[in-house]
Amino acid sequence: MAGVSVQAFRRQGRRFGAGLVCSEMVSCAGLHHGNERTLGYLRIATDEHPLAVQIFGSEPALMAEAAQMVVDAGADIVDINFGCPVKKVTKTGAGATLLEDPDRACRIVAAVAGAVDAPVSVKMRRGVEDGSRSCLELGPRLVQAGAATLTLHPRSARQMYTGDADHAVTAELVERVDVPVIACGDVTSLAKAHAVLEGTGAAAVMVGRGAQGNPWLLRELLGDDCGEPTREEVAAELILFIRETVREMGERRASGFLKKFYGWYLGRGRFPRPFKQELVVLETTDEVVERLFAAAPGAADVLERLESEQPVVDDALLDLPISIYGGG
Ligand SMILES: Cc1cc2nc3c(=O)[nH]c(=O)nc-3n(C[C@H](O)[C@H](O)[C@H](O)COP(=O)(O)O)c2cc1C
Numbered sequence: 207m208a209g210v211s212v213q214a215f216r217r218q219g220r221r222f223g224a225g226l227v228c229s230e231m232v233s234c235a236g237l238h239h240g241n242e243r244t245l246g247y248l249r250i251a252t253d254e255h256p257l258a259v260q261i262f263g264s265e266p267a268l269m270a271e272a273a274q275m276v277v278d279a280g281a282d283i284v285d286i287n288f289g290c291p292v293k294k295v296t297k298t299g300a301g302a303t304l305l306e307d308p309d310r311a312c313r314i315v316a317a318v319a320g321a322v323d324a325p326v327s328v329k330m331r332r333g334v335e336d337g338s339r340s341c342l343e344l345g346p347r348l349v350q351a352g353a354a355t356l357t358l359h360p361r362s363a364r365q366m367y368t369g370d371a372d373h374a375v376t377a378e379l380v381e382r383v384d385v386p387v388i389a390c391g392d393v394t395s396l397a398k399a400h401a402v403l404e405g406t407g408a409a410a411v412m413v414g415r416g417a418q419g420n421p422w423l424l425r426e427l428l429g430d431d432c433g434e435p436t437r438e439e440v441a442a443e444l445i446l447f448i449r450e451t452v453r454e455m456g457e458r459r460a461s462g463f464l465k466k467f468y469g470w471y472l473g474r475g476r477f478p479r480p481f482k483q484e485l486v487v488l489e490t491t492d493e494v495v496e497r498l499f500a501a502a503p504g505a506a507d508v509l510e511r512l513e514s515e516q517p518v519v520d521d522a523l524l525d526l527p528i529s530i531y532g533g534g
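Per the numbering used here, the very first residue in the sequence shown carries number 207; after that it's consecutive.
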């Protein structure tokens, strides 16, 4: 998820039991031009594997080049974005636009699959317009072109995130292809995951927004029902996330980036309502951490345990200048 699945998010997901995590979407044009911020997305830690790195673009040759770069950086799977509904992306012919440009979509998949030994997966929406069934025609062709698995988020691009994901479409896609299909959309509980898996015959579910500030959902999906996290656990997990993110992108970028996460985390742990607002207006992450410890003093012990269990970060380092990492 763009703006969400940074390295700290992915490592947290793996720690809570996710079988596979995925990067933010990475621009193939940005990689081609050696854009520093884009290259920074290729920073992969050893405890993230298995990891998919997602690329987007509309030129088969550039996508093939980008695929080689992400595999060289350590990606286990190259995922192709045919779902992004955001105008900035669709107007370049990339993302969800490719759902309505099947020949080009197939050429992209064939070029990427031909360029790397790693498996290639494709993430799609159902189509561009509401009610579209484009993914059902396109899916089998993408498999023929070399896609080893398909992930479907069965909303139209037009819908953005409104309405419900229509997993009846996922079930149809499962019938039409002989590769594993991953069902994505509105999986927010164990009951929902079961319903989607049973209703579609999909091989797996992918969790997006449900895991934002709630890694405990992943544990729940694995049948490990530890109940709601305590206030101390929520605070400790958030503090660890803050520290990891600052290490990843530096204080200046991280302090702004992290603000959206405070509300996501603090929905659990019975924090007083105004507390979230208090955190959002603080300038530095040190101040946020201080407030969290004050609100949940027992978090220090939980955090100490979490940090002692964290593997030492051993990035598969690219030979890139430190400025790419925001100095962090
Ligand atoms: C903030 C945000 C960023 C996203 N970025 C991406 C992305 O970069 N690539 C992608 O394939 N999907 C992206 N998605 C879509 C999600 O992967 C997922 O398909 C969608 O949110 C539905 O699943 P959910 O209901 O579990 O969130 C994004 C979603 C959100 C909310």
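Beta carbons are placed, not taken as given, at the ideal position from N, Cα and C, and that holds for glycine.
Can you say whether Glu443 is buried or exposed, counting buried as having 16 or more other CB atoms within 10 angstroms of its CB?
buried
Neighbourhood of Ala324 by C-beta, 7 Å cutoff - its chain only, sequence neighbours within 5 removed
Val277, Ala281, Asp282, Ile283 and Val284
Give me the residue from Arg310, Asn287 and Ile314 with the minimum Cα distance to Ala200.
Because the chain in this structure spans residues 207 to 534, residue 200 falls outside the shown range and cannot be described.
Taking only heavy atoms of ligand 1 into account, decide whether any of them is closer than 8 Å to the Cβ of Gln361.
The sequence as given places Arg at residue 361; Gln does not occur at that position. It does: the Cβ of Arg361 is within 8 Å (strictly closer) of some heavy atom of ligand 1.
Simplified DSSP state of Ser233, which is helix, strand or coil
strand
Starting from Ser362, trace the beta strand (DSSP E) in both directions and tell me its first and last residue.
Thr355 to Ser362
For the alpha helix (DSSP H) that contains Phe463, what are its first and last residues?
Arg437 to Phe463
If we ignore side chains and look at the alpha-carbon of each, how far apart do Ala235 and Gly263 end up?
7 Å
Pro435 burial status per 10 Å Cβ neighbour count (16 or more: buried):
Burial call: buried.
Counting C-beta neighbours from all protein chains within 10 Å, is the total for Glu265 16 or more, i.e. buried, or is it exposed?
buried
Say yes only if the C-beta of Asn287 is nearer than 8 Å to one or more non-hydrogen atoms of ligand 1, and no if none qualify.
yes
For the alpha helix (DSSP H) that Phe215 lies in, which residues bound it at each end?
Start and end: Gln213 to Arg221.
Of all the alpha helix (DSSP H) runs that stay within the bounds of the stretch 473 to 515, which reach a length of 4 or more residues?
479 to 487, 491 to 501 and 505 to 515
Option in Met269, Arg339 and Ala258 with minimal Cα separation from Arg313:
Of the candidates Met269, Arg339 and Ala258, Met269 places its Cα closest to the Cα of Arg313.
Distance check for Gly419 and Trp470, CA to CA, integer angstroms please.
So the alpha carbons of these two residues sit roughly 5 Å apart.
If contact is defined by three or more beta carbon pairs under 8 Å, each pair taking one atom from either stretch, is the stretch 367 to 382 in contact with the stretch 400 to 416?
Contact between the stretch 400 to 416 and the stretch 367 to 382 is present, because at least three Cβ pairs lie under 8 Å.
With respect to 8 Å, is the separation between the Cβ of Thr298 and the closest non-hydrogen atom of ligand 2 below this value?
The model depicted lacks ligand 2 and carries ligand 1 instead.
Give the straight-line distance between the Cα atoms of Leu498 and Leu509, rounded to the nearest whole angstrom.
Approximately 12 Å between the Cα atoms of the pair.
Which class does Cys390 belong to by DSSP, given the choice of helix, strand or coil?
For Cys390, the secondary structure class from DSSP, reduced to helix, strand or coil, is strand.
Under the three-state DSSP convention, the category Gly532 falls into
Because Gly532 sits at a pLDDT of 32, beneath the cut-off of 50, its placement in the model cannot be relied upon, and the point is left open.
Chain-order list of residues whose beta-carbon lies under 8 Å from that of Thr490 (same chain, five-residue window excluded)
Counting only Cβ-Cβ distances below 8 Å, and skipping sequence neighbours, we find Glu457 and Ser461.
Counted within 10 angstroms of its Cβ, other Cβ atoms place Pro478 as buried (16 or more) or exposed
exposed
Close Cβ partners of Glu271 (< 8 Å) along its chain, the five nearest in sequence each way excluded
Cys234, Leu237, His238 and Ala321
Closer than 7 Å by C-beta to Ala214: which residues in its own chain qualify, once you throw out the five before and the five after it? Chain order, please.
Phe447, Glu450, Thr451 and Glu454
Buried or exposed by the 16-neighbour rule on C-beta atoms within 10 Å, applied to Lys329
buried
Among Ala354, Gly246, Ser340 and Asp253, the one whose alpha carbon lies nearest that of Cys216
Per the sequence shown, residue 216 should be read as Arg rather than Cys. Minimum Cα distance to Arg216 is reached at Asp253.
Please state if the CB of Ala505 and the CB of Glu439 are separated by a distance shorter than 9 Å.
yes
Under 8 Å: does the beta carbon of Val494 sit that close to some heavy atom of ligand 1?
no
Could you tell me if the beta carbon of Met269 falls within a distance shorter than 8 Å of some heavy atom in ligand 1?
no
Nearest-angstrom Cα distance between Val518 and Gly225?
20 Å
Report yes if the C-beta of Ala371 is less than 8 Å from at least one heavy atom of ligand 1; otherwise report no.
yes
How many angstroms separate the CA atom of Gly299 from the CA atom of His255?
A straight line joining the alpha-carbon of Gly299 with that of His255 spans about 31 Å.
DSSP three-state assignment for Leu423, whether helix, strand or coil:
Leu423 sits in a helix when the DSSP states are folded into three classes.
Is Ala300 helix, strand or coil when you go by DSSP?
coil
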